[in-house]
Amino acid sequence: MRTIAIIGSGSWGVALAIHLAKNGNKVNIWSFDQKEADTINNEKRCIFLPEVSLPENIVCYTNFEDVLKDSELILHVTPSKFVRNTIKQYKELVTNQPVIMCAKGFERDTLYTLDEIIKEELPEKSYAVLSGPSHAEEVSIGIPTAMVVASCDESLCNQIQEIFMNENMRIYTSSDIKGVELGGALKNIIAFCAGIAAELGLGDNSFSALITRGLTEISRLGVKLGGKKDTFYGLTGLGDLIVTCLSEHSRNRKAGKLIGAGKTIEETRKEVGMTIESIDNIEVAYELAKKYDVEMPIVNAVYDVLYNNLNPKDAVKMLMMRDKKSE
(Lines of atoms letter the chains of each structure in order from A and count residues from 1; the text may use other names and numbers.)
(Lines give C-alpha, C1' and ligand atoms only; values in the text may rest on other atoms or scores of the structure.)
Protein backbone atom coordinates (compact mmCIF):
# COMPACT_ATOMS: atom_id res chain seq x y z
CA MET A 1 0.00 0.00 0.00
CA ARG A 2 1.39 3.38 -1.06
CA THR A 3 0.64 6.64 0.71
CA ILE A 4 -0.45 9.33 -1.71
CA ALA A 5 -0.99 13.01 -0.88
CA ILE A 6 -3.67 14.99 -2.70
CA ILE A 7 -3.56 18.78 -2.38
CA GLY A 8 -7.12 19.97 -2.91
CA SER A 9 -10.49 18.64 -1.75
CA GLY A 10 -12.70 19.72 -4.63
CA SER A 11 -14.62 17.28 -6.80
CA TRP A 12 -11.60 16.29 -8.92
CA GLY A 13 -9.26 15.85 -5.98
CA VAL A 14 -11.77 13.65 -4.17
CA ALA A 15 -12.58 11.67 -7.34
CA LEU A 16 -8.88 10.90 -7.76
CA ALA A 17 -8.69 9.97 -4.09
CA ILE A 18 -11.57 7.51 -4.50
CA HIS A 19 -9.97 5.95 -7.56
CA LEU A 20 -6.56 5.59 -5.91
CA ALA A 21 -8.03 4.31 -2.65
CA LYS A 22 -9.94 1.62 -4.50
CA ASN A 23 -6.65 0.69 -6.14
CA GLY A 24 -5.31 -0.17 -2.68
CA ASN A 25 -3.54 3.04 -1.68
CA LYS A 26 -3.75 5.12 1.50
CA VAL A 27 -4.81 8.62 0.47
CA ASN A 28 -4.33 11.81 2.48
CA ILE A 29 -6.24 14.84 1.21
CA TRP A 30 -5.47 18.46 2.12
CA SER A 31 -8.37 20.89 2.48
CA PHE A 32 -8.26 24.55 3.42
CA ASP A 33 -11.63 24.18 5.14
CA GLN A 34 -12.11 22.30 8.43
CA LYS A 35 -15.83 21.78 7.84
CA GLU A 36 -15.07 20.15 4.49
CA ALA A 37 -12.43 17.94 6.12
CA ASP A 38 -14.89 16.91 8.84
CA THR A 39 -17.48 15.93 6.24
CA ILE A 40 -14.93 13.73 4.45
CA ASN A 41 -13.64 12.14 7.67
CA ASN A 42 -16.84 11.75 9.68
CA GLU A 43 -19.51 11.27 7.04
CA LYS A 44 -17.30 9.73 4.32
CA ARG A 45 -18.73 11.96 1.65
CA CYS A 46 -17.77 15.04 -0.38
CA ILE A 47 -20.12 17.99 -0.71
CA PHE A 48 -19.32 18.18 -4.43
CA LEU A 49 -20.01 14.46 -4.99
CA PRO A 50 -22.91 13.94 -2.58
CA GLU A 51 -24.06 10.57 -3.92
CA VAL A 52 -20.66 8.87 -3.50
CA SER A 53 -19.49 7.08 -0.34
CA LEU A 54 -15.75 7.48 0.28
CA PRO A 55 -13.52 4.47 1.09
CA GLU A 56 -12.16 4.18 4.63
CA ASN A 57 -8.55 4.56 3.44
CA ILE A 58 -9.12 8.26 2.64
CA VAL A 59 -8.36 10.81 5.36
CA CYS A 60 -8.55 14.61 5.09
CA TYR A 61 -6.40 17.12 6.98
CA THR A 62 -6.12 20.90 7.05
CA ASN A 63 -2.37 20.92 7.64
CA PHE A 64 0.27 19.99 5.12
CA GLU A 65 2.51 18.16 7.57
CA ASP A 66 0.01 15.35 8.13
CA VAL A 67 -0.95 15.17 4.46
CA LEU A 68 2.61 14.85 3.20
CA LYS A 69 3.94 12.59 5.96
CA ASP A 70 5.28 9.32 4.50
CA SER A 71 3.79 10.14 1.08
CA GLU A 72 5.39 8.73 -2.05
CA LEU A 73 3.54 10.96 -4.51
CA ILE A 74 1.90 14.40 -4.42
CA LEU A 75 -1.09 15.21 -6.64
CA HIS A 76 -1.78 18.94 -6.87
CA VAL A 77 -5.47 19.54 -7.60
CA THR A 78 -6.30 23.12 -6.58
CA PRO A 79 -7.84 25.68 -8.97
CA SER A 80 -5.17 27.20 -11.19
CA LYS A 81 -5.36 30.65 -9.57
CA PHE A 82 -4.32 29.12 -6.21
CA VAL A 83 -1.52 26.87 -7.48
CA ARG A 84 1.50 29.06 -6.73
CA ASN A 85 0.36 30.25 -3.32
CA THR A 86 -0.53 26.71 -2.23
CA ILE A 87 2.80 25.28 -3.41
CA LYS A 88 4.59 28.02 -1.45
CA GLN A 89 2.83 26.76 1.69
CA TYR A 90 4.02 23.16 1.39
CA LYS A 91 7.17 23.24 -0.74
CA GLU A 92 9.55 23.13 2.25
CA LEU A 93 7.97 19.80 3.22
CA VAL A 94 8.63 18.16 -0.15
CA THR A 95 11.55 15.76 -0.04
CA ASN A 96 11.87 13.27 -2.86
CA GLN A 97 8.19 12.95 -3.77
CA PRO A 98 7.30 13.71 -7.39
CA VAL A 99 4.57 16.33 -7.90
CA ILE A 100 1.79 15.55 -10.37
CA MET A 101 -0.11 18.60 -11.60
CA CYS A 102 -3.77 17.62 -12.04
CA ALA A 103 -5.19 21.15 -12.28
CA LYS A 104 -5.87 22.76 -15.66
CA GLY A 105 -5.33 26.41 -16.44
CA PHE A 106 -2.92 29.33 -16.35
CA GLU A 107 -1.52 31.83 -13.87
CA ARG A 108 -3.20 35.13 -14.68
CA ASP A 109 -0.43 37.57 -13.70
CA THR A 110 2.45 35.81 -15.46
CA LEU A 111 0.56 33.99 -18.28
CA TYR A 112 2.42 30.86 -17.11
CA THR A 113 1.25 27.32 -17.61
CA LEU A 114 1.11 25.43 -14.33
CA ASP A 115 4.20 23.34 -15.01
CA GLU A 116 6.18 26.58 -15.17
CA ILE A 117 5.05 27.39 -11.64
CA ILE A 118 6.30 24.00 -10.44
CA LYS A 119 9.66 24.62 -12.10
CA GLU A 120 9.97 28.01 -10.36
CA GLU A 121 8.74 26.97 -6.92
CA LEU A 122 10.12 23.42 -6.82
CA PRO A 123 13.31 23.50 -8.90
CA GLU A 124 15.08 20.20 -9.34
CA LYS A 125 11.98 18.24 -8.28
CA SER A 126 10.57 15.54 -10.52
CA TYR A 127 7.10 16.41 -11.83
CA ALA A 128 4.45 15.43 -14.34
CA VAL A 129 1.08 16.65 -15.60
CA LEU A 130 -2.04 14.49 -15.78
CA SER A 131 -4.90 15.37 -18.10
CA GLY A 132 -7.62 13.95 -20.32
CA PRO A 133 -11.41 13.47 -20.54
CA SER A 134 -12.25 12.90 -16.90
CA HIS A 135 -15.33 14.40 -15.27
CA ALA A 136 -15.08 13.87 -11.53
CA GLU A 137 -18.69 12.68 -11.37
CA GLU A 138 -17.87 9.73 -13.63
CA VAL A 139 -14.40 8.87 -12.32
CA SER A 140 -15.76 8.77 -8.76
CA ILE A 141 -18.19 5.97 -9.66
CA GLY A 142 -15.79 4.00 -11.83
CA ILE A 143 -17.01 4.81 -15.34
CA PRO A 144 -14.09 3.96 -17.68
CA THR A 145 -11.91 6.67 -19.18
CA ALA A 146 -8.40 7.16 -20.56
CA MET A 147 -5.93 9.89 -19.64
CA VAL A 148 -2.37 11.01 -20.40
CA VAL A 149 0.54 11.62 -18.03
CA ALA A 150 3.37 13.76 -19.41
CA SER A 151 6.84 14.17 -17.97
CA CYS A 152 10.48 14.46 -18.95
CA ASP A 153 11.03 11.61 -16.49
CA GLU A 154 10.03 8.40 -18.26
CA SER A 155 10.29 6.36 -15.07
CA LEU A 156 7.80 8.69 -13.37
CA CYS A 157 5.34 8.20 -16.23
CA ASN A 158 5.70 4.44 -15.83
CA GLN A 159 5.14 4.78 -12.08
CA ILE A 160 1.93 6.75 -12.63
CA GLN A 161 0.69 4.10 -15.03
CA GLU A 162 1.33 1.41 -12.43
CA ILE A 163 -0.41 3.34 -9.63
CA PHE A 164 -3.45 4.56 -11.57
CA MET A 165 -4.32 1.91 -14.12
CA ASN A 166 -7.15 -0.56 -13.62
CA GLU A 167 -10.24 -1.68 -15.53
CA ASN A 168 -11.76 1.80 -15.15
CA MET A 169 -8.79 4.01 -16.00
CA ARG A 170 -6.23 3.63 -18.76
CA ILE A 171 -3.15 5.88 -18.66
CA TYR A 172 -1.02 6.73 -21.69
CA THR A 173 2.40 8.39 -21.43
CA SER A 174 3.85 11.39 -23.23
CA SER A 175 6.95 13.56 -23.12
CA ASP A 176 5.01 16.60 -24.40
CA ILE A 177 4.34 18.40 -21.11
CA LYS A 178 3.44 21.68 -22.78
CA GLY A 179 1.00 20.11 -25.24
CA VAL A 180 -0.77 18.08 -22.55
CA GLU A 181 -1.01 21.14 -20.28
CA LEU A 182 -2.29 23.50 -22.96
CA GLY A 183 -4.88 21.10 -24.34
CA GLY A 184 -6.41 20.81 -20.89
CA ALA A 185 -6.30 24.54 -20.18
CA LEU A 186 -7.58 25.88 -23.49
CA LYS A 187 -10.42 23.40 -24.07
CA ASN A 188 -12.32 24.96 -21.14
CA ILE A 189 -12.68 28.16 -23.14
CA ILE A 190 -14.23 26.37 -26.12
CA ALA A 191 -16.52 24.48 -23.71
CA PHE A 192 -17.67 27.83 -22.34
CA CYS A 193 -18.51 28.86 -25.91
CA ALA A 194 -20.41 25.57 -26.32
CA GLY A 195 -22.55 26.56 -23.37
CA ILE A 196 -23.38 29.87 -25.00
CA ALA A 197 -24.24 28.02 -28.21
CA ALA A 198 -26.53 25.66 -26.28
CA GLU A 199 -28.34 28.56 -24.64
CA LEU A 200 -28.81 30.24 -28.02
CA GLY A 201 -30.45 27.06 -29.31
CA LEU A 202 -27.86 26.35 -31.98
CA GLY A 203 -27.82 22.85 -33.50
CA ASP A 204 -25.57 19.86 -34.00
CA ASN A 205 -23.96 21.41 -37.05
CA SER A 206 -23.02 24.46 -35.01
CA PHE A 207 -21.48 22.37 -32.23
CA SER A 208 -19.46 20.36 -34.73
CA ALA A 209 -18.14 23.54 -36.34
CA LEU A 210 -17.33 25.07 -32.95
CA ILE A 211 -15.42 22.01 -31.73
CA THR A 212 -13.50 21.66 -35.00
CA ARG A 213 -12.54 25.30 -35.36
CA GLY A 214 -11.96 25.57 -31.62
CA LEU A 215 -9.47 22.73 -31.83
CA THR A 216 -7.72 24.58 -34.66
CA GLU A 217 -7.30 27.62 -32.43
CA ILE A 218 -6.11 25.52 -29.47
CA SER A 219 -3.49 23.77 -31.59
CA ARG A 220 -2.31 27.03 -33.20
CA LEU A 221 -1.56 28.63 -29.85
CA GLY A 222 -0.38 25.36 -28.32
CA VAL A 223 2.22 24.76 -31.01
CA LYS A 224 3.38 28.38 -30.74
CA LEU A 225 3.94 27.85 -27.02
CA GLY A 226 5.96 24.68 -27.55
CA GLY A 227 3.42 21.84 -27.73
CA LYS A 228 3.43 19.18 -30.44
CA LYS A 229 0.57 19.38 -32.93
CA ASP A 230 -0.28 15.68 -32.65
CA THR A 231 -0.89 16.05 -28.91
CA PHE A 232 -3.86 18.33 -29.53
CA TYR A 233 -5.57 15.64 -31.59
CA GLY A 234 -5.26 13.10 -28.78
CA LEU A 235 -6.94 12.55 -25.41
CA THR A 236 -5.79 15.79 -23.78
CA GLY A 237 -6.84 17.96 -26.72
CA LEU A 238 -9.67 16.59 -28.84
CA GLY A 239 -10.73 14.02 -26.25
CA ASP A 240 -11.06 16.48 -23.39
CA LEU A 241 -12.58 19.08 -25.71
CA ILE A 242 -15.42 16.77 -26.79
CA VAL A 243 -16.42 15.72 -23.29
CA THR A 244 -16.24 19.24 -21.88
CA CYS A 245 -18.20 20.80 -24.73
CA LEU A 246 -21.01 18.24 -24.80
CA SER A 247 -21.50 17.03 -21.22
CA GLU A 248 -23.97 18.41 -18.71
CA HIS A 249 -21.33 17.61 -16.04
CA SER A 250 -19.17 20.44 -17.43
CA ARG A 251 -19.19 23.52 -15.20
CA ASN A 252 -17.54 25.49 -18.03
CA ARG A 253 -20.40 24.62 -20.37
CA LYS A 254 -22.91 25.50 -17.65
CA ALA A 255 -21.18 28.85 -17.13
CA GLY A 256 -21.43 29.58 -20.85
CA LYS A 257 -25.16 28.81 -20.79
CA LEU A 258 -25.65 31.27 -17.94
CA ILE A 259 -23.72 34.00 -19.74
CA GLY A 260 -25.72 33.23 -22.88
CA ALA A 261 -28.89 33.73 -20.83
CA GLY A 262 -27.76 37.21 -19.84
CA LYS A 263 -26.24 36.54 -16.40
CA THR A 264 -23.26 38.58 -15.24
CA ILE A 265 -19.90 36.98 -14.47
CA GLU A 266 -20.51 37.28 -10.73
CA GLU A 267 -24.02 35.84 -10.99
CA THR A 268 -22.61 32.97 -13.01
CA ARG A 269 -19.86 32.23 -10.48
CA LYS A 270 -22.42 32.20 -7.67
CA GLU A 271 -24.83 29.87 -9.48
CA VAL A 272 -22.16 27.37 -10.58
CA GLY A 273 -20.74 27.33 -7.06
CA MET A 274 -17.33 25.95 -8.05
CA THR A 275 -14.24 27.27 -9.80
CA ILE A 276 -14.88 28.14 -13.47
CA GLU A 277 -11.49 27.78 -15.13
CA SER A 278 -12.76 29.06 -18.49
CA ILE A 279 -13.72 32.48 -17.16
CA ASP A 280 -10.47 32.68 -15.20
CA ASN A 281 -8.44 31.83 -18.31
CA ILE A 282 -10.18 33.56 -21.24
CA GLU A 283 -8.24 36.75 -20.54
CA VAL A 284 -4.98 34.78 -20.48
CA ALA A 285 -5.67 33.09 -23.82
CA TYR A 286 -6.66 36.44 -25.34
CA GLU A 287 -3.40 38.04 -24.16
CA LEU A 288 -1.27 35.09 -25.25
CA ALA A 289 -2.83 35.21 -28.72
CA LYS A 290 -1.93 38.88 -28.99
CA LYS A 291 1.56 38.38 -27.56
CA TYR A 292 2.44 35.57 -29.98
CA ASP A 293 0.41 36.91 -32.93
CA VAL A 294 -1.83 33.84 -33.17
CA GLU A 295 -5.18 34.10 -34.94
CA MET A 296 -7.92 33.04 -32.48
CA PRO A 297 -11.26 34.52 -33.61
CA ILE A 298 -13.40 32.37 -31.27
CA VAL A 299 -11.33 33.39 -28.25
CA ASN A 300 -11.48 37.04 -29.33
CA ALA A 301 -15.25 36.87 -29.73
CA VAL A 302 -15.91 35.30 -26.32
CA TYR A 303 -13.54 37.80 -24.72
CA ASP A 304 -15.66 40.60 -26.18
CA VAL A 305 -18.84 38.91 -24.92
CA LEU A 306 -17.45 38.81 -21.38
CA TYR A 307 -15.61 42.10 -21.20
CA ASN A 308 -16.84 44.41 -23.99
CA ASN A 309 -20.60 43.79 -23.82
CA LEU A 310 -20.81 42.03 -27.18
CA ASN A 311 -24.18 40.30 -27.54
CA PRO A 312 -23.66 36.53 -27.93
CA LYS A 313 -25.94 36.41 -31.00
CA ASP A 314 -23.89 39.19 -32.59
CA ALA A 315 -20.71 37.27 -31.76
CA VAL A 316 -21.99 34.26 -33.70
CA LYS A 317 -22.92 36.46 -36.65
CA MET A 318 -19.51 38.16 -36.54
CA LEU A 319 -17.70 34.80 -36.60
CA MET A 320 -19.81 33.53 -39.50
CA MET A 321 -19.27 36.67 -41.57
CA ARG A 322 -15.49 36.85 -41.25
CA ASP A 323 -13.40 37.13 -44.44
CA LYS A 324 -13.35 34.06 -46.67
CA LYS A 325 -10.64 31.52 -45.82
CA SER A 326 -9.31 28.14 -46.93
CA GLU A 327 -9.27 25.45 -44.24
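Residue numbering for the sequence shown follows our numbering, beginning at 794 and increasing consecutively.
Note that beta-carbon positions come from the ideal geometry of N, C-alpha and C, so glycine has one too.
None of these values were measured; they are calculated from a predicted model.
Bridge partners - residue i, DSSP secondary structure assignment
i: F899; result: T906
i: R963; result: A939
i: W823; result: I800, Y854
i: A921; result: I893
Cut-off 6 Å between Cβ atoms - residues of its own chain near residue i, not counting five sequence neighbours on either side
i: N981; result: N1045, E1070, S1071
i: A991; result: K1050
i: A1108; result: A1094, V1098
i: S804; result: F841, L842, A929
Cβ neighbours of residue i in the same chain (closer than 7 Å, five flanking residues each side left out)
i: D863; result: T796
i: G1053; result: G988, I989, E992, L993, P1105
i: K1144; result: Nothing about residue 1144 can be reported from this structure: the residues present for the chain run from 794 to 1120 only.
i: M1111; result: A1094
Pairwise C-alpha distance: residue j and residue i
i: N816; j: I822; result: 16 Å
i: I1091; j: K897; result: 20 Å
i: D902; j: D859; result: 31 Å
i: V820; j: V852; result: 6 Å
i: T879; j: Y1100; result: 29 Å
i: G1030; j: A830; result: 33 Å
i: L949; j: V922; result: 11 Å
i: G806; j: C945; result: 24 Å
i: S758; j: F1000; result: Since the first and last residues shown for the chain are 794 and 1120, residue 758 lies out of range.
i: V932; j: E960; result: 12 Å
i: T1024; j: G801; result: 27 Å
i: G1146; j: L995; result: Since the first and last residues shown for the chain are 794 and 1120, residue 1146 lies out of range.
i: G1032; j: H1042; result: 15 Å
i: F875; j: E947; result: 28 Å
Same chain, Cβ closer than 8 Å to residue i, five either side skipped, listed in chain order
i: L1018; result: T906, K971, L975, L1081, Y1085
i: Q827; result: T855
i: K884; result: E914, L915
* Asked: Any contact of the region 797-814 with the region 968-987, i.e. 3+ C-beta pairs under 8 Å?
  -> No: fewer than three Cβ pairs fall under 8 Å.
* Asked: Of all the beta strand (DSSP E) runs that stay within the bounds of the region 832-904, which reach a length of 3 or more residues?
  -> As far as the region 832-904 is concerned, its whole beta strand (DSSP E) runs of at least 3 residues are 851-854, 866-869, 892-894.
* At least 3 beta-carbon pairs within less than 8 Å: the region 1005-1014 vs the region 955-967 -> The region 1005-1014, when compared against the region 955-967, does not touch it at the 8 Å Cβ threshold.
* **the region 1102-1114 in contact with the region 1031-1040 per 3-pair CB rule at 8 Å** => Counting C-beta pairs with one atom in each stretch, the region 1102-1114 and the region 1031-1040 have fewer than three that are closer than 8 Å, which means they do not touch.
* Asked: Is there contact here, the region 830-842 with the region 865-873, by at least three beta-carbon pairs under 8 Å?
  -> Taking a cut-off of 8 Å for Cβ pairs, the region 830-842 and the region 865-873 do not touch, as fewer than three such pairs fall below it.
* Asked: Taking three-plus beta-carbon pairs below 8 Å as touching, is the region 909-918 in contact with the region 876-895?
  -> Flag = yes, the region 909-918 and the region 876-895 touch.
* **Given 8 Å, three or more beta-carbon pairs between the region 958-967 and the region 933-943** => The region 958-967, when compared against the region 933-943, does touch it at the 8 Å Cβ threshold.
* To do: May I have a chain-ordered list of the alpha helix (DSSP H) segments no shorter than 4 residues that lie completely inside the region 999-1083?
  => Here the runs fully enclosed are 1033-1039, 1044-1053, 1058-1065.
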